[in-house]
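Student:
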Amino acid sequence: MNKTAMVRARLAPDLKEYAEGVFQRLGLNATQAITMFYKQVALRDGLPFDAIVPTPTTKRTFEASEAGRDVVVCEDADDMFRKLGI
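Note that the sequence shown covers residues 3 to 88 in the numbering used here.
(1) Do A35 and the ligand GDP come close, with the Cβ less than 7 angstroms from some heavy atom?
(2) Please report the distance separating the alpha-carbon of E65 from that of N4.
(3) Note down, in chain order, each residue of its chain lying with its Cβ closer than 7 angstroms to the Cβ of V74, except the 5 sequence neighbours on either side.
(4) Output the distance between the C-alpha atoms of Y40 and D47, rounded to the nearest integer angstrom.
(5) Which class does F51 belong to by DSSP, given the choice of helix, strand or coil?
(6) I'd like the list of long-range same chain contacts for D80, defined as Cβ closer than 6 angstroms, with 5 residues on each side in sequence excluded.
(7) State the DSSP-derived secondary structure class of G29, mapped to helix, strand or coil.
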């Protein structure tokens, strides 16, 4: 029986390069980082981060905010609470 298994994945070259730079700064290579990811998935019996699909309303809100529509600018926390009616 093999002591290791091969994992292959396709991803954008710029993403691969950037992520491997992060791994290097952490003292890891890609194999070690992928192994850590798999171990966390096994430990948590799921992804090691929240993977939430936004609702249609949330998506529309993000899109509007990014386009600068319906954005309320506040001077400070007091101004924000005042505008919220709190």
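Virtual Cβ for every residue (Gly too), placed ideally from N, Cα, C.
Tutor: By the coordinates alone:
(1) Because no ligand of any kind appears in the structure shown, any question about the ligand GDP cannot be addressed here.
(2) Residue 65 sits at position 63 when you count from the first residue of the sequence shown. Residue 4 sits at position 2 when you count from the first residue of the sequence shown. C-alpha of E65 to C-alpha of N4: approximately 48 angstroms in a straight line.
(3) One-based indexing of the sequence shown puts residue 74 at position 72. Excluding sequence neighbours, V74 sits near K85.
(4) Along the sequence shown, one-based indexing puts residue 40 at 38. Along the sequence shown, one-based indexing puts residue 47 at 45. Straight-line measurement puts the Cα of D47 at about 10 angstroms from the Cα of Y40.
(5) Position 49 of the sequence shown, counted from the start, is the residue given in the question as residue 51. Coil.
(6) Residue numbering aside, residue 80 sits at position 78 when the sequence shown is read from its first letter. Nothing listed; no residue qualifies.
(7) The count along the sequence shown starts at 1 and reaches residue 29 at position 27. Under the three-state reduction of DSSP output, G29 falls in the coil class, being neither helix nor strand.
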